[in-house]
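Chemist:
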Amino acid sequence: MKHRGRHRRRRRGRVLRATLAGTALSLTAAATLISASQATVTDAPGALKPIAASAEDGQLSVAEQRVPERWLDRLASRMGRPVGVGAVLRGADHSLRTAADCSTAEKHTLPIEPAATRAYCFGDTDTRGWRPGAVTTSGDADDDGRWGADRVILSGWTRGGGEGGSMDGPAPERGLAKVAFVDANDLGRLRYTWALLAVPVDGGRDYRGLVSSLSGMIWYQDKLLVTTREGDRSALYVYDMDRIQRATVDSDAVGRVRGGWAAHGSRYVLPAVASYALPGGDDAPRPASVSLDRSTAPDSLVASEWVPADGDRRTRLWRYALSRDPARSGLLATGSSGHADPVDAYETKTTDVRGVLSYRSGWYLNRAAGSAEGHGTLWRQDLGGARATECAADETRHCWSGGSGSLSYWEETGEVWSQSGRMLFALPLASVDRALG
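FYI, the numbering for the sequence shown is 2 to 438, going by the working numbering.
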């Protein structure tokens with residue numbers, strides 16, 4: 002896959018951003034904005050506090066571990082030649098409904114202010130018993146917004162929890178993880194199919210499902226990096242978008258079965274090619290949400306940990322540089338020891354963070370709702386303070402989606418993508434900033 006230069010198609014991107022900024026849709030029945038003023042409210046978390054990575058005593062460093070190439074080649078020789086993203090999209094066998102066809106209950110999970118400009122909902126049949134989590138797009142993968150000729154959205158889901166419900170924290174419950182590959186070439190007609198995330202075992206003679214709560218992921222160049230709670234030390238798993246395998250048996254089983262290969266009903270399988278391990282110790286921060294920041298040089302992966310609302314410490318935010326080495330496309334930059342160290346880190350008083358986004362000087366933190374039926378808060382923090390939109394007569398800041406997960410910024414179009422319950426939605430980042438006053 003040839004990765005294109007950063008400045009291609011900028012003019013088209015500016016036209017798209019201008020169009021989106023003037024076409025916000027009224028997609029929720031709850032969008033009755035009364036006040037968007039920025040009076041001081043006691044729950045404001047204040048400014049970010051920079052912390053020295055060295056002060057964390059190595060706890061933010063992660064060790065890269067590669068799956069042996071011979072394992073991956075052996076698996077491919079037995080399963081058949083890997084396919085590319087384009088082939089997966091051509092096999093899309095499900096459709097997303099547009100907002101007009103989604104139920105009132107589904108649309109209730111959308112942000113109140115600012116309103117989503119695009120919204121879709123997944124079907125209940127293939128998401129029943131699965132929890133929505135992370136989102137990333139081909140806008141992360143390549144700076145022209147496409148992977149080859151295609152625009153693509155990836156939506157991550159984890160087995161377990163309510164039917165299409167929100168994630169109750171980076172939770173103790175664990176289950177299989179799968180990704181919907183969404184063909185976004187026609188935004189009026191989104192189609193998708195599923196790929197199961199897996200881990201090669203037995204020297205590449207078989208694979209098992211990734212058992213993890215999928216709360217964050219980025220697609221950068223030819224790699225997909227996902228958060229994981231699998232085991233005591235694993236932090237991120239890495240998948241190669243050029244190593245997608247076809248499942249040949251439609252079964253609830255996972256791995257090698259009589260007659261071929263199964264993926265718990267998914268049509269495709271992604272075998273892991275690497276992982277990043279945490280240092281030892283109970284206090285080592287685990288990335289609960291991640292996103293890509295293209296405003297840094299080099300591009301960087303930003304991460305936030307999850308601290309509950311009643312926790313006794315602040316939430317840590319940090320970033321890793323992504324490698325510029327063509328031989329290490331899509332991987333974190335590492336030193337001679339094979340460790341990736343953070344390039345900067347912060348603390349915030351914001352707790353229960355479900356999504357993190359960094360762009361230029363601002364950090365956007367998605368704080369979960371306090372109740373199952375409530376809405377959350379999207380804070381913008383920097384070294385000078387914190388702001389969030391107010392959206393009701395009582396000056397509440399609970400204006401964001403109630404059960405949304407990760408945040409992904411599609412730089413070419415200026416849109417932020419997220420999902421909440423069965424709703425997949427987007428809105429311009431500029432509209433978020435305008436709503437802050």
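Glycine residues also receive a C-beta, built at the ideal position from the N, C-alpha and C atoms.
(1) Leaving aside the five residues before and after residue 427 along the sequence, list all residues of the same chain whose C-beta is less than 7 Å from its C-beta, in chain order.
(2) Between the beta-carbon of residue 302 and the beta-carbon of residue 357, is there less than 8 Å?
(3) Can you give me the start and stop residues for the alpha helix (DSSP H) that residue 391 sits inside?
(4) Give the secondary structure of residue 249 by DSSP, where H, G and I count as helix, E and B as strand, and everything else as coil.
(5) Between the beta-carbon of residue 49 and the beta-carbon of residue 349, is there less than 8 Å?
(6) So, using beta-carbon positions, are residue 220 and residue 155 closer together than 8 Å?
(7) Threshold first: 4 residues or longer. Then list the alpha helix (DSSP H) segments lying entirely within the stretch 71-107, N to C.
(8) How is the alpha helix (DSSP H) around residue 140 delimited, first residue to last?
(9) Could you tell me which residues DSSP pairs with residue 119 in its beta bridges?
(10) Check this for me: beta carbons of residue 178 and residue 159, under 8 Å apart or not?
(11) So what's residue 421 in DSSP terms, helix, strand or just coil?
(12) In chain order, which beta strand (DSSP E) runs of at least 3 residues are fully inside the stretch 262-317?
(13) Could you tell me the alpha carbon to alpha carbon distance between residue 209 and residue 251, rounded to whole angstroms?
(14) How about the stretch 288-307 and the stretch 247-266: do they share at least three Cβ pairs that are nearer than 8 Å?
(15) Using only CA atoms, which one of 198, 259 and 217 lies nearest to residue 244?
(16) From the DSSP output, which residues share a beta bridge with residue 254?
(17) Assign residue 110 to buried or exposed, taking buried as 16 or more other Cβ atoms, counted over all protein chains shown, within 10 Å of its Cβ.
(18) Quick one: what's residue 218 bridged to in DSSP?
(19) What residues are listed by DSSP as bridge partners for residue 340?
(20) Taking the C-alpha atoms as reference points, what is the distance between residue 88 and residue 46?
(21) Less than 8 Å between C-beta atoms, sequence neighbours within five positions excluded: which residues of the same chain meet that for residue 246?
(22) How about residue 330 and residue 222: are their beta carbons less than 8 Å apart?
(23) Beta strand (DSSP E) containing residue 378: first to last residue?
Modeler: Quick look at the numbers:
(1) 117, 118, 119, 416, 417 and 418
(2) no
(3) Segment: none, residue 391 is in no alpha helix (DSSP H) and carries neither H nor E.
(4) coil
(5) yes
(6) yes
(7) Segments of the alpha helix (DSSP H) lying fully in the stretch 71-107: 86-91.
(8) Element bounds for residue 140: 139-142.
(9) 427
(10) yes
(11) Strand, per DSSP.
(12) Along the length of the stretch 262-317, whole beta strand (DSSP E) runs at least 3 residues long occupy 269-278, 290-294 and 301-305, reported in chain order.
(13) 16 Å
(14) Result no; under three Cβ-Cβ pairs closer than 8 Å.
(15) 198
(16) None, per the DSSP bridge assignment.
(17) buried
(18) 227
(19) 64
(20) 46 Å
(21) 76, 77, 80, 81, 83, 84, 262, 269, 270, 271 and 272
(22) yes
(23) 378-383
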